[in-house]
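With the working numbering applied, the sequence shown covers 7 to 246.
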Amino acid sequence: EWEVGEDTVRLGASVSYTRIIEKLRSHLPGLALASHTVASPQIRNRGGVGGNLGTASPAGDAHPALLASGGEVEAVSVRGTRMIPIDDFYVGVKRNALEPDELIRAVHLPKADGPQQFSKVGTRNAMVIAVCAFSLALHPKTRTVRTGIGSAAPTPIRAKEAETFLAAALEEGNFWENGKIIPPVVARRFAELVSGAANPIDDVRGSASYRRHALDVMARRTLGWTWDEYRGSERSAQCA
């Protein structure tokens with residue numbers, strides 16, 4: 007069903023969300039957090055990432071975490087196998103890059119090399135389609151940042167300008183080494199860029215302006231959570 011390699015995890019398309027939560031949390035923490043928010047326990051026991059990718063709904067809970075992690079979708083047909091970068095997989099509203107004769111066999115994701123977080127806003131706390139969602143992954147080895155936004159554009163998207171800004175701010179301030187608290191001005195600008203990357207609509211679940219506001223809040227919160235986790239892990243490593 008899944009294979010854990012030295013640097014990557016090959017996740018079968020039908021591996022259930024429950025399995026991801028129980029067995030792969032340490033390797034794919036962002037996706038495990040997103041899996042917790044999917045529907046009900048019964049659906050989490052049966053549904054998997056392959057379903058989210060196949061429908062390609064912008065509101066799919068797995069998409070932001072997949073984008074923040076990076077990786078590739080393994081597509082198969084009678085013609086053979088090809089790997090589709092996750093950044094190229096979403097091509098339109100509920101449309102993906104699969105050819106008519108292709109099926110999703112697996113997703114290949116890098117094992118987390120740093121903190122990952124996921125946040126979702128809905129009209130209630132469970133059994134709900136996302137009004138909007140956001141995922142953030144820090145990659146200390148490459149000193150890069152990746153994001154994922156759901157339910158706030160025609161497709162799941164990354165906030166690339168926000169990623170570039172935050173990575174530069176962390177590098178210029180020597181934050182990766184010294185583990186200092188990120189200044190509020192940096193967090194606010196990162197959140198503004200995340201919100202600005204969205205292209206939301208007004209619908210029955212929420213207005214476009216609310217979605218932008220919610221993304222701003224979620225970006226600041228997830229940045230705080232991930233950076234606190236990073237600082238804690240760095241202190242633990244220094245004491246070991």
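Note that beta-carbon positions come from the ideal geometry of N, C-alpha and C, so glycine has one too. Note that the structure is predicted; figures quoted are calculated from it, not measured.
Item	Value
Let me confirm a value: Ala-132 is counted as buried when at least 16 other C-beta atoms fall within 10 Å, else exposed. Which label applies?	exposed
Nearest-angstrom Cα distance between Val-191 and Thr-43?	30 angstroms
Which of the three DSSP states is assigned to Arg-152 in this structure?	strand
From which residue to which residue does the beta strand (DSSP E) around Ser-157 run?	Note, Ser-157: premise wrong, no beta strand (DSSP E); not H, not E.
Give me the Cα-Cα distance between Ile-90 and Ser-141, rounded to the nearest whole angstrom.	21 angstroms
Assess, as a yes-or-no matter, whether the region 65-78 is touched by the region 33-41 under the definition of 3 or more beta carbon pairs within less than 8 angstroms.	yes
What is the DSSP secondary structure of Asp-119, counted as helix, strand or coil?	coil
Please determine, among Arg-130, Gly-60, Arg-50, the residue with the shortest C-alpha to C-alpha distance to Ala-103.	Gly-60
Note the first and the last residue of the continuous alpha helix (DSSP H) segment covering Ile-49.	47-52
One question on the structure: do Arg-152 and Gly-76 come within less than 8 angstroms of each other, judged by their Cβ atoms?	yes
Please list the terminal residues of the continuous beta strand (DSSP E) segment that includes Ala-143.	138-145
Thinking just about the alpha-carbon of each residue, which of Val-79, Pro-64, Ser-63, Ser-20 is nearest to the one in Arg-50?	Ser-20
Measure the Cβ-Cβ separation of Asp-222 and Glu-198 and say whether it is below 8 angstroms.	yes
Mapping the DSSP letters down to three states, classify Phe-171 as helix, strand or coil.	helix
Taking only three categories from DSSP, how would you classify Thr-14?	strand
Where does Asp-264 fall in DSSP's three states?	A query on residue 264 cannot be resolved here, the shown segment of the chain reaching from 7 to 246 and no further.
Using a Cβ-Cβ cutoff of less than 7 angstroms, which residues in the same chain neighbour Ala-175 once the five nearest sequence positions on both sides are dropped?	Val-192
Candidates His-114, Asn-58, Phe-124, Ile-110: which alpha carbon is nearest Gly-11's?	His-114
What does a CB cutoff of less than 6 angstroms around Val-127 pick up in its chain, not counting 5 residues either side in sequence?	Val-137, Cys-138, Ala-220
What are the partner residues of His-114, as DSSP defines its beta bridges?	Arg-16, Glu-78
How many angstroms separate the CA atom of Tyr-23 from the CA atom of Arg-16?	15 angstroms
Do Pro-146 and Tyr-236 count as a contact pair if the criterion is CB distance below 8 angstroms?	yes
Quick one: using the 10 Å Cβ neighbour count with 16 as the cut-off for buried, is Pro-206 buried or exposed?	buried
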